[in-house]
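FYI, in mature numbering (1 follows the signal peptide of the UniProt record, and there is no 0) the residues of the sequence shown are -19 to -1, 1 to 161. Each residue gets a CB set at the ideal place from its N, CA and C atoms; glycine is no exception. Values in this document were obtained by computation on a predicted structure and should not be read as measured data.
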Amino acid sequence: MRTFFLTAALVCTAGTASALCADAWYLRNMAFDRAGYCFGSTLGKSVFDTACSTKSPSLDDWDQRMVSAHKQLEASYNCKINTKGRSLASSLIGKLDDVDLLPTLSQFESSCVGYTGAPVTMTSGIGMRDSYPTGTIKGGDRVNFRFESWGGFEFVETETAAGWIPEGSVSPDTCTAFAG
């Protein structure tokens, strides 16, 4: 019995690390894609826009910090992404298209299961005048927290959307259950 639980824990940890690696690779490279980078790898060409303009993109300070943080995260988890493949198992693909300010993954994760509070609007950026809604957290939603907070805001995901919300907008008090 003890072996079963140990094996299950190792499988869960390996699966989580694999998902974290795929998401970190995707976020890091999404910044380069948005800056017009011309990918050379099969995976980069398959996942990102092929309309490109440079092999030497210039990233703003925010994206540069995010890219550096994800490189460190990938190194600490010894991530190995098959860039010769044509697909990536990232849960973020398609969720960040409307997000202006890309988030940085955290090594820790938690979830609000069965949100019970008032609707919360997720936005494309942090306190920016030109931020716009990217989705709404509604009653019954599962809200995932797995990104670094910044400047009084946190980046969250639901099953269908992702975006920035004021820190504390979703708390354990507004959840049927809170894990993590």
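The alpha-carbon of glycine 121 is positioned some 35 Å away from that of serine 27. In the structure shown, the three-state DSSP call for asparagine 10 is helix.
Membership of glycine 116 in any alpha helix (DSSP H) is not indicated; the residue belongs instead to the beta strand (DSSP E) covering 114 to 118. Ranked by Cα distance from leucine 82, the options Gly144, Pro153, Gly25 are led by Gly144. In this structure, the CA atom of serine 34 is about 28 Å from the CA atom of leucine 54. Between phenylalanine 136 and proline 84 the beta-carbon gap is near 4 Å, inside 8 Å, which marks them as a contact.
In chain order, Ser92, Cys93, Val94, Gly95, Tyr96, Thr139, Glu140 place their CB closer than 8 Å to the CB of arginine 123, counting only its own chain and leaving out the 5 sequence neighbours on each side. Rounded to the nearest angstrom, the Cβ distance from serine 105 to threonine 115 is 5 Å, consistent with a contact under 8 Å.
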